[in-house]
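These notes are about the structure you will find just below.
In my numbering, the protein residues as written are 3 to 579.
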């Protein structure tokens, strides 16, 4: 199986804070000395430069100076710098992977920028918020705020901002496997550059267009775009992007055009450049080279390439790369009928996969817990605000009662009773919202539990295989295959998942059946995972299918729901209540 990992270039953060640019000649110590000499609003510029100086090497120091800037802005009533500090704090959280805190900060910045009419920075804040949503898997929200940024860029005739926004939209649609839409926005970006003579590195746009055309099966057009990207990279001295582009060219010639000499040329030159400019891309280049040799049935050279990929992954501590190299080595040794080594590498692959899945599970649970706590705190603040408001009303009513007549006092008490009823109602609503968050966390945790249980069973079975005699190995592997097939169809886990899911989405399955009564159980399960915003990789893990199978299943589900190829399946399913 050919496994190709493309590097997409996401430019959500570039040129967002031009006012934060710092001269390379100014060092932190000299900036701190200047800061001590400044007073009041004169400190703003120095605090900006210090926060930007540390953003790439010490996030804590950067946050320290940003909070100083925010306090100064609030004290002096400077809304522009308050918005800028909020946005920059959001960027700081974004770099830490704290997406919910980053989202809150960016929303605060946007509200302040709207209040003072700072449309220039407002568009950039929308762009950054889109990046936050995109990295946290909220693609619909990301697309929505990008269109808000586009409206502002169009009104201001900011063509560079438009190009970046269209590039980002193309990236998002590629993540959603909607290559038709992705192509549309990449071509719009190129048209704006051409019509307005903008100085812009078009290499990434051409490279991603090549990926789109390759998905369409238009291999010659894909090749043309890859070559245009190569010209742009060379003209702009973007040498670190060339190795992965050579990998794309090598894959095109190896697996689409069946021209081994051209394929080897690009793989070989890509490896030479990667050693000099981008060592991390060696992992993918050697994997593609190994697949190339495997296609030619030259498994000795294939194994050599996979070992080099493994070495590169170990050097960069890339667990995903090590996992891929081990599974490829296992498959290559299997082709050579060296089953002992095939099993050893498969066991190592399983260990890496288990480790990666456990880490992803921990990260997912941590993010869900973080969101849960964040939402819970918001609800508590809202509740305290309501209580404080009503205490003030009670005090005012008592003071007025001293002056008013008995009739007025009676009227006041009646109003107080009504307000208490509303308070209880609002409190009940807040509790239901909090209960919803608990159910949401339980649903996600259940799915993760099922995946880890299946992986643990696989690990234990492989461990038992070690003690078996070599001649009994094929029989044992067939037994293991049957066991895996059985574990893939654990209906009881799905029934429990369905029970939790329906507590949160009561009519979802019913409405799906109303749209198409012929939906299969697999269709319904995939739709439920899409409703929970699972990406292709996560859905593949839960359903124990390959990512390519999930893509095919999504395509079939889109058809059964009466959608066109250009319609957004995720957005359609999320709209079903």
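For every residue, glycine included, the Cβ atom is placed at its ideal position computed from N, Cα and C.
The stretch 89-97 and the stretch 106-125 touch, with three or more beta-carbon pairs separated by less than 8 Å. Under the three-state reduction of DSSP, residue 40 is assigned to coil, being neither helix nor strand. In this chain, the alpha helix (DSSP H) harbouring residue 337 covers 321-337. DSSP places residue 302 in the uninterrupted alpha helix (DSSP H) bounded by 301-317. With 16 or more neighbouring CB atoms inside 10 Å of its own CB, residue 293 falls in the buried class. Within the same chain, Cβ atoms closer than 8 Å to the Cβ of residue 200 are found at 161, 162, 165, 194, the five residues on either side in sequence being excluded. Closest by C-alpha distance to residue 513, out of 552, 544, 578, is 578.
Residue 330 and residue 319 have their C-alpha atoms spaced approximately 18 Å apart.
Under the 10 Å beta carbon count, residue 524 is surrounded by fewer than 16 other beta carbons and is classified as exposed. Taking the Cα of residue 47 as reference, the smallest distance to any Cα among 63, 307, 138, 74 is reached at 74. Considering only 284, 40, 178, 263, the residue with the shortest C-alpha distance to residue 272 is 284. Distance from residue 123 to residue 151 at the Cβ level is roughly 11 Å; contact not present, criterion being Cβ atoms closer than 8 Å. In the structure shown, the three-state DSSP call for residue 98 is helix. DSSP, reduced to helix, strand and coil, places residue 226 within a helical segment of the structure shown. When DSSP states are grouped into helix, strand and coil, residue 79 belongs to the coil group. Boundaries of the alpha helix (DSSP H) harbouring residue 286: 284-297, taken from the DSSP string. Within a 10 Å sphere around the beta-carbon of residue 244 sit 16 or more other beta-carbons, which makes this residue buried. The DSSP-derived three-state label of residue 519 is coil.
In this structure the stretch 54-66 does not touch the stretch 74-85; the number of beta carbon pairs closer than 8 Å is below three. By the Cβ neighbour-count rule, residue 556 is buried, with 16 or more other Cβ atoms within 10 Å of its own. Taking the CA atoms as reference points, residue 357 sits about 12 Å from residue 349.
In the structure shown, residue 526 adopts helical secondary structure according to DSSP, grouped into three states. When DSSP states are grouped into helix, strand and coil, residue 574 belongs to the helix group.
Under the criterion of beta carbons closer than 8 Å, residue 532 and residue 542 do not qualify as touching, at roughly 13 Å.
Its Cα nearest to that of residue 286, the residue 250 stands out among 257, 297, 250. Judged by DSSP in its simplified three-state form, residue 563 adopts coil rather than helix or strand.
Assignment of residue 546 by DSSP, reduced to helix, strand and coil, places it in the coil class. Linking residue 316 to residue 288 through their CA atoms gives a straight-line distance of about 13 Å. In the three-state DSSP reduction, residue 66 falls in the helix class (H, G or I). Proximity to residue 496 across 343, 516, 546, 205 peaks at 546, based on C-alpha coordinates.
Cβ contact annotation for residue 116 (same chain, cutoff 8 Å, sequence separation greater than five): 124, in chain order.
Sequence-distant partners of residue 298 (beyond 5 residues in either direction) whose C-beta falls short of 8 Å from its own C-beta, in its chain, are 262.
A straight-line Cα-Cα distance of about 7 Å links residue 238 and residue 203. Here residue 253 is buried. Its C-beta has 16 or more other C-beta atoms within 10 Å.
Leaving aside the five residues that flank residue 223 on each side, the residues in its chain whose CB is nearer than 6 Å to its CB run, in chain order, 215. Ranked by Cα distance from residue 148, the first of 137, 139, 157, 133 is 133.
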